[in-house]
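Participant: Protein chains in written order, with the working numbering: chain A, 30 to 353; chain B, 69 to 424; chain C, 978 to 1256. Where a beta carbon is used, it is the ideal one built from N, C-alpha and C, also for glycine. Sharing a structure with you now.
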């Protein structure tokens, strides 16, 4: 029973919301435009650094968020400039490389004063201003079966803000994907040359999609950092692959796919870990390997999804988002 | 894929030399304070070593690393060339070679996932390595038989297959962590003795690794250029439909390519584990991007491009430590990748593609 | 029907100047490695005509087409469309300037509905701007106009019943029609058709030909690449022939096939090519 409550608690955890937001960003890239961005974790990490470093230097929250978004805009523009004219594989390799460059730079001793190198930035250095805004009491609060702090770190306050953000981003995606702008992106996803022949500047639209998705990814990073700390290695390649898995799980190109995907992904992961701990004897699977075991299943899930149900839970088979 | 060894190879080598020279000069000019930081790296000379000497030693190390990286990466290029798949699980093939060799050669007790028993095999390293390479080749065969072959028959798009390979990579890297845990292991406990020439040095064992790698690479070149099967492989890379129509057994060749790619990756993994004096469950995952960078630099799908690209990456990685901190050396290799893509998107050896 | 009066008085020699040329190409060269795919000294297209571009396989027709429409860049040469220089102009700009093309392998956007395909063809939709897209009142009115225009075209091309189906569910011929209708959404002055009849069943061929003739009647200029000489003879006012990258002959459809260079080019390449004549 505790297991089930824990797993259900995951379904509305701040991390679940943060990944849902990052996946909405990826949905602009892949779902709408067909761009293979394999560096979404890099956008998240930049958002985290942008926010945390700004706050640490005394900037107000709104300015820190703008800086987080601005970093993602610059990063997206630099990435897109050389690669959006090339074949899809190149974009995937360059984005994954660029995200790793961000991570290497973040954990390098060279910038230790800015980023804290591989240790990162501790939560108490940047969470203060956000937590001060909390209208909730400064104590642990129990709602139904779940007890979290009202305002600090992994709190009810953060949950409220995070899911409000998810709602906002869903609204943005819904509005844009049903606009003539979104129609151009869908056309590009189907066939760039056709859209070019109709007089649309394909390169510029792809750039816009890359940037807007990256900015949303950075916002996801900010939300994530408010529940954890800024640690470069938490935003490695695996993180990008999880975002892909949960987007494809929920259904690429659908409005609610990223959110459903994130909720199912994190709930299921928590369930699998809990069940493995309960039912598989220690002699066969020591508790230390339960994490890699669960993540191995994530990889297998991604494979099976892409092969057998690429449209995910909510997607439409006809609007398949894979184009060679 | 490769075509006739025409002037492009010469041009590429020239380009490589120019790039390397430019980089060395830049390092000499710019190499300021960071020389001190390199003392963190145990194999690097003391802080008062002249920069020019560090650069030359970096060139030596970089060439070694580049050759070993080329060996690991050539399979990635062959697979892309024949099937169009960017195989993100290739890094795990590299890890597999090293981990399996460790499993077979170590004197410590080891176990397998889900099997509550301890083993102690303790084969001599060369035999363990050969057995590991053969088993790794077998996994290549098995993978193509069970996974990639059926996907090709179902006409799953290359990009879709690429994401399948990402899933496979995620599954395997965690399986390896489950298998051997998070620590770093060494394949051999002996300490590599150094051959010194004046101010410079290279390990004896490293030199042997390089010779083995060069023989293997020469073998691949011989296979592709001089054997019937190799020519068929190149024909498939150039035009699969035409190759199939002219009676080449495309599926059989692709399976052979998978076996070769997996075996070469395993050999590369073993030699790299010796060179870096350690292996871990994510060894290949860390190298994957450098391999992609090498292959992309050389021109996706160009087998010899992988060699040229890997040398560039290897040299940049090692020489860059003169200018930037050692913990940024992989980052500098990736920066070079992006810069080269800007200037020459088709890679150093790639052909400009015909549009429409 | 071919109209000999429009082109009367124009010399049937390759590269001849036309009295009212809408499209002019000069000294266009495109090499791939050592191979020169296109080497056209001079070529003009007369306004409001149907001009066919023919030639044996590998003559460089499609490459020349790509060069004219901005999908490929020539190493040498210049061109103008309606007085505007074409050199270095990206394909989207060429299209916005009024020269819209279709493709040999039809590029219907298969995951989208027929109607969405059509709407995408329209120009000047303010909602295609990122910021305006957030505010529907700024683009709803234009969207209604576009939809109305699309309905008309879909009726004309007999695709109205299919408007809500996905473009992927259409037959090959219907996709060709959709592509042409979609190109017309931008109200072009010149339409470039790359093998419009390829892979279309005979029943639809007739209506496709009628549609092409209608384009001319509405004042547009048509340049098309085609293999089927019967079709070429039925609708084109003027025919230009390419072989081995060069423009080797020009003239009215009826007489150009008698040209010795043309016969050599065709017979040299394919002895069994049907030249569409009752020899």
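Going by Cα to Cα distance, which pick from C:1159, C:1202 and C:1146 is closest to residue 1098 of chain C?
Facilitator: Taking only the C-alpha atoms, the option nearest residue 1098 of chain C is C:1159.
Participant: What is the DSSP secondary structure of residue 337 of chain A, counted as helix, strand or coil?
Facilitator: In the structure shown, residue 337 of chain A sits in a helix (DSSP, three-state: H, G or I).
Participant: Who does residue 1007 of chain C pair with in a DSSP beta bridge?
Facilitator: Looking at the DSSP assignment, residue 1007 of chain C forms a beta bridge with C:1015.
Participant: Could you spell out where the beta strand (DSSP E) holding residue 1227 of chain C opens and where it closes?
Facilitator: Residue 1227 of chain C -> beta strand (DSSP E) spans 1223–1228.
Participant: Should residue 265 of chain B be labelled buried (16 or more other beta-carbon atoms within 10 Å of its own) or exposed?
Facilitator: Exposed, since its Cβ has fewer than 16 Cβ neighbours within 10 Å.
Participant: With DSSP as the reference, label residue 1171 of chain C as helix, strand or coil.
Facilitator: Residue 1171 of chain C falls in the strand class under three-state DSSP.
Participant: What separation, rounded to the nearest whole angstrom, lies between the Cα atoms of residue 1113 of chain C and residue 95 of chain A?
Facilitator: So the alpha carbons of these two residues sit roughly 26 Å apart.
Participant: Determine the extent of the alpha helix (DSSP H) in which residue 1132 of chain C is found, giving its start and end residues.
Facilitator: Start and end: 1117–1133.
Participant: Could you check which residue in B:374, B:408, B:250 and B:263 has the C-alpha nearest to that of residue 333 of chain B?
Facilitator: It is B:374.
Participant: Give me whichever residues DSSP pairs with residue 1021 of chain C in a beta bridge.
Facilitator: Residue 1021 of chain C is bridged to C:1001.
Participant: For residue 1144 of chain C and residue 1090 of chain C, which I take to be in contact (beta-carbon distance under 8 Å), what is that distance rounded to the nearest angstrom?
Facilitator: Right, their Cβ atoms sit about 7 Å apart.
Participant: Just confirm the distance between the C-beta atoms of residue 1020 of chain C and residue 1217 of chain C, as a whole number of angstroms; I'd bet it's less than 8 Å.
Facilitator: With 8 Å as the limit, residue 1020 of chain C and residue 1217 of chain C qualify as a contact, their Cβ atoms being about 7 Å apart.
Participant: So the beta strand (DSSP E) residue 269 of chain B belongs to, where does it begin and stop?
Facilitator: First-last of the beta strand (DSSP E) with residue 269 of chain B: 268–271.
Participant: Buried or exposed: where does residue 231 of chain A fall if 16 or more other Cβ atoms within 10 Å of its Cβ makes it buried?
Facilitator: By the neighbour-count rule (16 or more Cβ atoms within 10 Å), residue 231 of chain A is buried.
Participant: Roughly how many angstroms lie between the CA atoms of residue 301 of chain B and residue 149 of chain B, to the nearest whole one?
Facilitator: Roughly 9 Å between the two C-alpha positions.
Participant: Do you know how far the Cα of residue 1209 of chain C is from the Cα of residue 1224 of chain C?
Facilitator: Each residue's alpha carbon lies about 17 Å from the other.
Participant: Near residue 131 of chain A, what residues of its chain come up, given a Cβ to Cβ distance below 7 Å and the 5 sequence neighbours on each side ignored?
Facilitator: The residues are 71, 74 and 75.
Participant: By a C-beta neighbour count over all protein chains shown, 10 Å radius and 16 as the cutoff for buried, is residue 30 of chain A buried or exposed?
Facilitator: Residue 30 of chain A is exposed by the Cβ-count criterion.
Participant: Candidates C:1010, C:1180 and C:1095: which alpha carbon is nearest residue 1139 of chain C's?
Facilitator: Ranking the options by Cα distance to residue 1139 of chain C, first place goes to C:1095.
Participant: Counting C-beta neighbours from all protein chains within 10 Å, is the total for residue 1025 of chain C 16 or more, i.e. buried, or is it exposed?
Facilitator: Counting Cβ neighbours within 10 Å, residue 1025 of chain C comes out buried, since at least 16 surround it.
Participant: Between the region 119–127 of chain B and the region 385–396 of chain B, do at least 3 Cβ pairs fall closer than 8 Å?
Facilitator: Output reads yes: the region 385–396 of chain B touches the region 119–127 of chain B.
Participant: Could you name the residues of the region 265–278 of chain A whose beta carbon sits closer than 8 Å to any beta carbon of chain B, in the order they occur along the chain?
Facilitator: Taking 8 Å as the Cβ-Cβ cut-off against chain B, the residues of the region 265–278 of chain A that qualify are 266, 267, 270, 273, 274 and 277.
Participant: Would you say residue 212 of chain A lies against chain C (beta-carbon separation less than 8 Å)?
Facilitator: Chain C contact via Cβ: present.
Participant: Considering only residues of the region 171–208 of chain A, which uninterrupted alpha helix (DSSP H) runs meet the minimum length of 4 residues and lie entirely inside it, listed in chain order?
Facilitator: Within the region 171–208 of chain A, the complete alpha helix (DSSP H) runs of at least 4 residues are 185–206.
Participant: Report the three-state DSSP secondary structure of residue 104 of chain B (helix, strand or coil).
Facilitator: Any reading at residue 104 of chain B is ruled out, since the residue's pLDDT is 35, under 50, leaving its predicted position unreliable.
Participant: How about residue 395 of chain B and residue 260 of chain A: do their beta carbons lie closer than 8 Å?
Facilitator: No.
Participant: I believe residue 1170 of chain C touches residue 1201 of chain C by the beta-carbon criterion, under 8 Å. Please report the beta-carbon distance rounded to the nearest angstrom.
Facilitator: With 8 Å as the limit, residue 1170 of chain C and residue 1201 of chain C qualify as a contact, their Cβ atoms being about 4 Å apart.
Participant: Give every residue of the same chain whose Cβ lies closer than 7 Å to the Cβ of residue 331 of chain B, excluding the five residues on either side of it in the sequence, and list them in chain order.
Facilitator: Excluding residues within five positions, the ones whose Cβ falls inside 7 Å are 201, 204, 205 and 208.
Participant: Compare the Cα-Cα distances from residue 1001 of chain C to each of C:1110, C:1055 and C:1147 and report the closest residue.
Facilitator: Measuring from the Cα of residue 1001 of chain C, the nearest candidate turns out to be C:1055.
Participant: Nearest by alpha-carbon distance to residue 257 of chain B: which of B:236, B:343, B:240 and B:362 is it?
Facilitator: Of the candidates B:236, B:343, B:240 and B:362, the one whose C-alpha sits nearest the C-alpha of residue 257 of chain B is B:343.
Participant: Using the beta-carbon of each residue, which ones in chain B are nearer than 7 Å to residue 117 of chain A?
Facilitator: Within chain B, the residues near residue 117 of chain A are 227.
Participant: Round the Cβ separation of residue 111 of chain A and residue 238 of chain B to the nearest angstrom and send it over; I've been treating them as touching at under 8 Å.
Facilitator: About 27 Å separates the two Cβ atoms, so there is no contact after all.
Participant: Helix, strand or coil, according to DSSP, for residue 109 of chain B in the structure here?
Facilitator: Its pLDDT being 42, under 50, residue 109 of chain B is placed unreliably by the model, and the measurement read from it follows with that caveat. If DSSP states are grouped into helix, strand and coil, residue 109 of chain B belongs with coil.
Participant: Residue ranges of each alpha helix (DSSP H) run of no fewer than 4 residues wholly in the region 229–310 of chain A, ordered along the chain?
Facilitator: Complete alpha helix (DSSP H) runs here, min 4: 231–256, 266–279 and 286–308.
Participant: Can you have a look at residue 1034 of chain C and say buried or exposed, based on whether 16 or more other CB atoms are within 10 angstroms of its CB?
Facilitator: Answer is exposed; the Cβ neighbour count stays below 16.
Participant: Let me know if residue 313 of chain A comes out buried or exposed under the rule of 16 or more other beta-carbons within 10 Å of its beta-carbon.
Facilitator: The residue is exposed, with fewer than 16 neighbouring Cβ atoms inside 10 Å.
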